[in-house]
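These notes concern the structure reproduced below.
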Amino acid sequence: MDNPGAPADELGDRRPAALGGLRVLPDELVCAILEYLTPPDLARLSCVSSVMYILCNEEPLWMNQCLRNLNGPIQYKGSWKKTTLHLLEHVVGETDELGGKQLRFDGFNSWFLHKRLYRCYTTLAGFDFDKGNVDRKENPSLEEFYSDYDGKKPILLNGLADTWPAKHTWTTDQLLMSYGDTSFKISQRSSSKTSMKFKDYVSYMKLQHDEDPLYIFDDKFGEVAPGLLKDYNVPHLFEEDFFDILDRDQRPPYRWLIIGPERSGASWHVDPGLTSAWNTLLCGRKRWALYHPGRVPLGVTVHVNEEDGDVVIDTPTSLQWWLDFYPLLADEDKPIECTQLPGETIYVPSGWWHCVLNLETTIAVTQNFVNSRNFEFVCLDMAPGYRHKGVCRAGLLAVDDDGFDNVKNNISLDNDDVACSNLLMEEKRCRTIEPGEDPTYRKMDHVVSKNYKLWKNGFTYDIDFLITFLDKERDHYNSPWSSGNCMGQREMREWLYRLWVGKPGMRELIWKGACIALDAGRWAECMTEICAFHNLPPPTEFERLPVGTGSNPVYLLPNCVVKIFVEEGLEASLYGLGSELEFHSLLSKVNSPLQNYIPEVLSSGILYLENGSYKIVPWDGSGVPEVISKCDFLLEKREVGSFPFGIWSKQQHDYRKAGMSTTSVNFIGGTRIWPFMITKRCEGKIFAQLRNKLDWEEELNLASFLGEQLRHLHLLPLPSRNSNFSDIESAVDFNHTNGFVESAFDKSNMPAEWDIFVKTLNRKKKDVSSRLTKWGDPIPSFLIEKVDEYIPDNFTELLYAFEDENDRGKVCKSLSWIHSDIMDDNIHMEQCGDKNSRLSEAVKEANSQCNSSMNGCDDTSIEKSWRPSHLLDFSNLSIGDPIYDLIPIYLDVCRGDPRLLKQLLESYKLPLVKSLYQPKSAEGGDKYGRLSYHAMCYCIVHEDNILGAIFSIWNELKAAKSWEEVEQTVWGDLNNYKGFL
Numbered sequence: 001m002d003n004p005g006a007p008a009d010e011l012g013d014r015r016p017a018a019l020g021g022l023r024v025l026p027d028e029l030v031c032a033i034l035e036y037l038t039p040p041d042l043a044r045l046s047c048v049s050s051v052m053y054i055l056c057n058e059e060p061l062w063m064n065q066c067l068r069n070l071n072g073p074i075q076y077k078g079s080w081k082k083t084t085l086h087l088l089e090h091v092v093g094e095t096d097e098l099g100g101k102q103l104r105f106d107g108f109n110s111w112f113l114h115k116r117l118y119r120c121y122t123t124l125a126g127f128d129f130d131k132g133n134v135d136r137k138e139n140p141s142l143e144e145f146y147s148d149y150d151g152k153k154p155i156l157l158n159g160l161a162d163t164w165p166a167k168h169t170w171t172t173d174q175l176l177m178s179y180g181d182t183s184f185k186i187s188q189r190s191s192s193k194t195s196m197k198f199k200d201y202v203s204y205m206k207l208q209h210d211e212d213p214l215y216i217f218d219d220k221f222g223e224v225a226p227g228l229l230k231d232y233n234v235p236h237l238f239e240e241d242f243f244d245i246l247d248r249d250q251r252p253p254y255r256w257l258i259i260g261p262e263r264s265g266a267s268w269h270v271d272p273g274l275t276s277a278w279n280t281l282l283c284g285r286k287r288w289a290l291y292h293p294g295r296v297p298l299g300v301t302v303h304v305n306e307e308d309g310d311v312v313i314d315t316p317t318s319l320q321w322w323l324d325f326y327p328l329l330a331d332e333d334k335p336i337e338c339t340q341l342p343g344e345t346i347y348v349p350s351g352w353w354h355c356v357l358n359l360e361t362t363i364a365v366t367q368n369f370v371n372s373r374n375f376e377f378v379c380l381d382m383a384p385g386y387r388h389k390g391v392c393r394a395g396l397l398a399v400d401d402d403g404f405d406n407v408k409n410n411i412s413l414d415n416d417d418v419a420c421s422n423l424l425m426e427e428k429r430c431r432t433i434e435p436g437e438d439p440t441y442r443k444m445d446h447v448v449s450k451n452y453k454l455w456k457n458g459f460t461y462d463i464d465f466l467i468t469f470l471d472k473e474r475d476h477y478n479s480p481w482s483s484g485n486c487m488g489q490r491e492m493r494e495w496l497y498r499l500w501v502g503k504p505g506m507r508e509l510i511w512k513g514a515c516i517a518l519d520a521g522r523w524a525e526c527m528t529e530i531c532a533f534h535n536l537p538p539p540t541e542f543e544r545l546p547v548g549t550g551s552n553p554v555y556l557l558p559n560c561v562v563k564i565f566v567e568e569g570l571e572a573s574l575y576g577l578g579s580e581l582e583f584h585s586l587l588s589k590v591n592s593p594l595q596n597y598i599p600e601v602l603s604s605g606i607l608y609l610e611n612g613s614y615k616i617v618p619w620d621g622s623g624v625p626e627v628i629s630k631c632d633f634l635l636e637k638r639e640v641g642s643f644p645f646g647i648w649s650k651q652q653h654d655y656r657k658a659g660m661s662t663t664s665v666n667f668i669g670g671t672r673i674w675p676f677m678i679t680k681r682c683e684g685k686i687f688a689q690l691r692n693k694l695d696w697e698e699e700l701n702l703a704s705f706l707g708e709q710l711r712h713l714h715l716l717p718l719p720s721r722n723s724n725f726s727d728i729e730s731a732v733d734f735n736h737t738n739g740f741v742e743s744a745f746d747k748s749n750m751p752a753e754w755d756i757f758v759k760t761l762n763r764k765k766k767d768v769s770s771r772l773t774k775w776g777d778p779i780p781s782f783l784i785e786k787v788d789e790y791i792p793d794n795f796t797e798l799l800y801a802f803e804d805e806n807d808r809g810k811v812c813k814s815l816s817w818i819h820s821d822i823m824d825d826n827i828h829m830e831q832c833g834d835k836n837s838r839l840s841e842a843v844k845e846a847n848s849q850c851n852s853s854m855n856g857c858d859d860t861s862i863e864k865s866w867r868p869s870h871l872l873d874f875s876n877l878s879i880g881d882p883i884y885d886l887i888p889i890y891l892d893v894c895r896g897d898p899r900l901l902k903q904l905l906e907s908y909k910l911p912l913v914k915s916l917y918q919p920k921s922a923e924g925g926d927k928y929g930r931l932s933y934h935a936m937c938y939c940i941v942h943e944d945n946i947l948g949a950i951f952s953i954w955n956e957l958k959a960a961k962s963w964e965e966v967e968q969t970v971w972g973d974l975n976n977y978k979g980f981l
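So the sequence shown is numbered by our numbering: it starts at 1 and just counts up by one.
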């Protein structure tokens, strides 16, 4: 350790001796490394040397520590170190050491720390420059705005907020009086969710000296402070918003309350989903900088993930950009800029880069919107792939070398322009990243660098030009979905269909958007061929857009429903249709009551494209059509007359893909072969459309109906395994314990029908931590770290397996068919009379045979009652533990209401465990005797983000200390079920 008390003239520069081997690293990198340490580690490291003491006491470091360890609202204590220590009351014996009087040292100089300190204390009173070069208009007409600005360029508008109460009431003092105890979301560079009570935030603004201050950026302010919504209205220029057709809980975040002190602001970005935005300032001054679409600002790098197209922007803070990068720009390279004053509204068109710096304490409201001018751009941003996303944000800088020549042929450039030197000494401005690569790591390989003239001139932000960068080979239903998209796949499909139904006058535009986001034109061609082959009337204009929110194109015709199987590619689609056809055959064979509640299959087949012409072959699930036998994924001989793509083969397929990343799974894309099925159309509506209209009796009736249908489903006999099943088994990996010792009984004694189920679960367990980490919020990171300790080493433990007196393996659970996907869009409802009907009468009617020939879906009077009539979509059929079927029903249909789960189980009546099970008391403990533990484990290893739904429904569980706490909260009532006979 260096001598901290030595005079500066004796030591000279403290840094070499104080940092030792770390002296070769720049201060910026050393500070970045320190962020990965815990507060106790920082306390110990600060004792190593004087320079380490200085670095370990930096406020930005402690700000990151605080935000990382935060578990609830912030109360700022005057410094981030004090605030962190206040949060870490459990750190015994360290707080006194950390909280002592700070020492001072001479002989250490750091340009990095000096610049950061300057940014913390600089004032911006004279930082507004001039009025800028953004057009200013006094309340223009709608026609003028549409013709000159909408989708074209920014504009500052006066007069739009003159009548708002917010113009006079949105001051810090008045908001403090009305909303002092209201918690608002705080924006900061962390994935965690942070909030502060407004009174605490006002105190923070007065005390802080942060280089990038926290600021309120709350998209839920209307829910926590509904009175604020009455203080303003959407200006008439921006009233057209295609997201308005969605329910409030369905639409993506679109409105924000923004409050921030001097030096805070929004760093360079393009608004989410390529939406447009308006921003009205009520208090203070903001400095805006904007660039045309595709012109990436100096100092900013665009990272585009090649797997799912997710876009990450690496950018300096707003203040840092203005201080360090803006002065480097030549006059012709400077952004469009302006100073926004109170009462002014700025409009930012789709795709424009913008950066905002608060020159003093500001209060503003902003909304993003989709209108007829930017609708196609929003659809393009949701389309799968990455090239077009890079081009939309980084322009021609994102074009790879193979496509660069084609671009040059389509834009106007002089030869001298093309030969000019690379932009700013070959600065790397746009790059793609491999899956799993850290986007903040500035690896210079694979970086696209284009010349200065292209950057300066930008490119035509034209939808017809941008769609040429779409990956034509990507299947729009199967490609990975970007986590950065403004909405999910299900929500996007529902949105497009609602627009199609609700805006008939704009169907030409909506169809263009659907073709971009859904490849709707391809499926329309397929539908035309299917209808012609089966002598069905072709889809009308109203019917030509796929319906529903599922993963396959589904079309509603007057008397039938056509489903084209595309989910996860051709092989998986064949297993989906094949197992569903086998299932319907079994229902008929055993005359199950369940067949009365499943739409009748009218026809099925294979559609394929050969030599430019569509062809169709009928297929009932038995045998292998010739067009399929030529596919290279057929690994084994399949017998004609059996169901070669039936449920047992599907189980093997599910096992093979379990635990594999999306990039490892071969979706057999581009084969131009599509299985399809035609079923009878039911009258009525899906439950998703009626959820908010049902009363309590109707919900209980639905729960009873689902319990009875699950009973019918789980009592069905299992089909005989194909004679080639053993050959299939030998072709796959039997090491399903993943290196763990089986504690129940030897694998050779495992009942064969359970073997594949356990192997699949154990495979899913392999990468469960990384999968949950990738899903991220709202799953608490603390629990993700503990997940491997919670779930069993070997899922055989969940079967209550034992050996009988003859050394034969026994399982105390019943293996059964499971639907796997009973959610609100797979339950059909029909009208059944007046709302005054008694529950007992409704239950009786719900269990009577339904006339499945009824085909309407007209709207009905709210006076009528609804009863469940059919279960839909059996393509996700599986065989396994019946508890699996409770997961989607309880979380999606019942929304976690234990009363509805209890009603369902009272109708279900089947034991979930056989009576011969004896709970363990030694190895494994009693947890295996809890049905709640079984359900929770299945949720954790589920291929879908079930945990995201759990932590969204039970918001309080985000602070849970253990998985056992989550288990008991969500599934504890399942332990009361008398399922042990």
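Here a beta-carbon is modelled for each residue, glycine too, at the ideal position from N, C-alpha and C.
These figures come from a predicted structure and were not determined experimentally.
Subject >> Inter-residue Cα distance where the pair is T737 and N762 >> reply: Within the sequence shown, numbered from 1, the residue matching residue 737 stands at position 737. Within the sequence shown, numbered from 1, the residue matching residue 762 stands at position 762. For T737, the predicted structure reports a pLDDT of 37, less than 50, and the residue's modelled location is therefore unreliable. A value from the coordinates is still provided. Their Cα atoms are separated by approximately 6 Å.
**OP:** Compute the Euclidean distance between the alpha carbons of S962 and L947, then round it to the nearest angstrom.
**Re:** The residue given as residue 962 occupies position 962 in the sequence shown. The residue given as residue 947 occupies position 947 in the sequence shown. When rounded, the distance between both Cα atoms is 14 Å.
Original post:
Just checking my contact of T361 with P261 at CB under 8 Å: how many whole Å lie between their CB atoms?
Top reply: The sequence position of residue 361 within the sequence shown is 361, counting from 1. The sequence position of residue 261 within the sequence shown is 261, counting from 1. About 5 Å; that satisfies the 8 Å criterion.
Original post:
S865: which of F687, K137, K77 and S878 sits nearest, CA to CA?
Top reply: If you number the sequence shown from 1, residue 865 lands on position 865. It is F687 whose Cα lies nearest to the Cα of S865.
Original post:
So is H168 buried or exposed if we call it buried at 16+ other beta carbons inside 10 Å?
Top reply: If you number the sequence shown from 1, residue 168 lands on position 168. Per the 10 Å Cβ criterion, exposed.
**OP:** For V732, name the three-state secondary structure that DSSP assigns.
**Re:** Here residue 732 refers to the residue found at position 732 when the sequence shown is read from its first residue. Only weak support exists for where V732 lies, its pLDDT of 43 falling under 50; the value from the coordinates is given anyway. Coil, per DSSP.
Subject >> Simplified DSSP state of D148, which is helix, strand or coil >> reply: Translated into the one-based positions of the sequence shown, residue 148 becomes position 148. The answer is helix: DSSP assigns D148 an H, G or I state.
Original post:
Is the stretch 883-893 close to the stretch 752-771, with three or more CB pairs under 8 Å?
Top reply: no
Original post:
Which of the three DSSP states, helix, strand or coil, is assigned to V970?
Top reply: Translated into positions along the sequence shown, residue 970 becomes position 970. Here V970 sits in helix by DSSP.
Original post:
In three-state DSSP terms, what is C47?
Top reply: Numbered from its first residue, the sequence shown carries residue 47 at position 47. Residue state, collapsed to three classes: coil.
Original post:
From L536 to P546, what does the alpha carbon distance come to, in whole angstroms?
Top reply: Residue numbering aside, residue 536 sits at position 536 when the sequence shown is read from its first letter. Residue numbering aside, residue 546 sits at position 546 when the sequence shown is read from its first letter. Their Cα atoms are separated by approximately 17 Å.
**OP:** Give the DSSP-derived three-state secondary structure of P40 in the structure shown.
**Re:** One-based indexing of the sequence shown puts residue 40 at position 40. Of the three classes helix, strand and coil, the one that applies to P40 here is helix, per DSSP.
Original post:
Along the chain, where does the beta strand (DSSP E) that runs through A703 open and close?
Top reply: On the sequence shown, position 703 is the one that residue 703 refers to. No beta strand (DSSP E) contains A703, which is instead part of the alpha helix (DSSP H) from W696 to H714.
**OP:** For the alpha helix (DSSP H) containing E138, list its first residue and its last residue.
**Re:** Taking the first residue of the sequence shown as 1, we reach residue 138 at position 138. E138 -> not in any alpha helix (DSSP H); beta strand (DSSP E) instead, spanning R136 to E138.
**OP:** Have a look at A43 and Q65 and give me their C-alpha separation to the nearest angstrom.
**Re:** As a first step, residue 43 is located in the sequence shown; it is residue number 43 there, counting from the start. As a first step, residue 65 is located in the sequence shown; it is residue number 65 there, counting from the start. In a straight line, the C-alpha of A43 is about 13 Å away from that of Q65.
**OP:** For V768, collect the residues of the same chain with a Cβ closer than 8 Å to its Cβ; drop the 5 residues on either side in sequence, then sort them by chain order.
**Re:** Working through the sequence shown from its first residue, we reach residue 768 at position 768. Hits under 8 Å: V787, D788, I791, I940 and V941.
**OP:** Quick one: grab the DSSP three-state call for I822.
**Re:** Along the sequence shown, read from residue 1 onward, the residue named residue 822 stands at position 822. Looking at I822 - three-state DSSP - the assignment turns out to be coil, as it is neither helix nor strand.
Original post:
Pick from L581, T171 and T194: whose alpha carbon is nearest that of V202?
Top reply: As a working note, residue 202 is residue 202 in the sequence shown. With distances taken between Cα atoms, V202 lies closest to T171.
Original post:
Taking the alpha carbon of L815 as the point to measure from, which residue in P504, W754, S49 and I647 has its own alpha carbon closest?
Top reply: Residue numbering aside, residue 815 sits at position 815 when the sequence shown is read from its first letter. Among P504, W754, S49 and I647, the Cα nearest to that of L815 is on W754.
**OP:** For the alpha helix (DSSP H) holding L113, just list the boundary residues, first then last.
**Re:** Position 113 of the sequence shown holds residue 113. From DSSP, the alpha helix (DSSP H) with L113 extends over W111 to Y121.
Subject >> First and last residue of the uninterrupted alpha helix (DSSP H) at K650 >> reply: Position 650 of the sequence shown holds residue 650. Per DSSP, K650 belongs to the alpha helix (DSSP H) from I647 to K657.
Original post:
Would the beta-carbon of F676 fall within 8 Å of that of I564?
Top reply: Mapped onto the sequence shown, residue 676 falls at position 676. Mapped onto the sequence shown, residue 564 falls at position 564. Yes, Cβ-Cβ distance for F676 and I564 is below 8 Å.
Original post:
Should E223 be labelled buried (16 or more other beta-carbon atoms within 10 Å of its own) or exposed?
Top reply: Within the sequence shown, numbered from 1, the residue matching residue 223 stands at position 223. By the 10 Å Cβ count, E223 comes out exposed.
**OP:** Could you name the residues of the same chain whose beta carbon sits closer than 8 Å to that of T366, not counting the 5 residues immediately before and after it, in chain order?
**Re:** The residue given as residue 366 occupies position 366 in the sequence shown. Excluding sequence neighbours, T366 sits near R255, W256, I258, A277, W278, N279 and T280.
Subject >> Residues near L901 in its chain [Cβ-Cβ closer than 7 Å; skip 5 each side] >> reply: On the sequence shown, residue 901 is found 901 positions in, with the first residue counted as 1. Excluding sequence neighbours, L901 sits near Y890, C894 and D973.
**OP:** Note down the Cα distance separating S592 from L716, rounded to an integer number of angstroms.
**Re:** For the purposes of this step, residue 592 is taken as residue 592 along the sequence shown, with counting starting at 1. For the purposes of this step, residue 716 is taken as residue 716 along the sequence shown, with counting starting at 1. About 8 Å.
**OP:** State the DSSP-derived secondary structure class of D96, mapped to helix, strand or coil.
**Re:** For this step, residue 96 is matched to residue 96 along the sequence shown. Because the pLDDT of D96 is 45, which lies under 50, any placement of that residue in the model is unreliable, and the number read from its coordinates should be weighed accordingly. Of the three classes helix, strand and coil, the one that applies to D96 here is helix, per DSSP.
Original post:
What is the DSSP secondary structure of I74, counted as helix, strand or coil?
Top reply: In the sequence shown, the residue the question calls residue 74 occupies position 74. Correct three-state label for I74: coil.
Original post:
Does the stretch 493-504 touch the stretch 244-251, meaning 3 or more C-beta pairs lie closer than 8 Å?
Top reply: yes
Original post:
What's the call for C47, buried or exposed, on a 16-neighbour Cβ count within 10 Å?
Top reply: For the purposes of this step, residue 47 is taken as residue 47 along the sequence shown, with counting starting at 1. Exposed, because fewer than 16 other Cβ atoms sit within 10 Å of the Cβ of C47.
**OP:** From the DSSP output, in three-state form, read off E683 for me.
**Re:** To locate residue 683, count along the sequence shown from 1; it is residue 683. DSSP places E683 in coil when its eight states are reduced to three.
Original post:
Where E582 and S820 are concerned, what is the direct C-alpha to C-alpha distance, given to the nearest angstrom?
Top reply: Against the sequence shown, residue 582 aligns to sequence position 582. Against the sequence shown, residue 820 aligns to sequence position 820. So the two alpha carbons sit approximately 16 Å from each other.
Subject >> Straight-line Cα distance separating V302 from D314 >> reply: Taking the sequence shown and counting its residues from 1, the one referred to as residue 314 is at position 314. Taking the sequence shown and counting its residues from 1, the one referred to as residue 302 is at position 302. For D314 and V302, the distance between alpha carbons rounds to 6 Å.
Original post:
Can you give the Cα-Cα distance for I598 and H870, rounded to whole angstroms?
Top reply: Along the sequence shown, one-based indexing puts residue 598 at 598. Along the sequence shown, one-based indexing puts residue 870 at 870. Cα to Cα, I598 sits roughly 5 Å from H870.
**OP:** Mark D464 as exposed unless 16 or more other C-beta atoms lie within 10 angstroms of its C-beta, in which case mark it buried.
**Re:** The residue given as residue 464 occupies position 464 in the sequence shown. Exposed, by the Cβ-count rule.
Subject >> Nearest candidate by alpha-carbon position, reference T987, set Q689, L207, F874 and L397 >> reply: Absent from the model: residue 987. The displayed extent of the chain is 1 to 981, so no value can be given.
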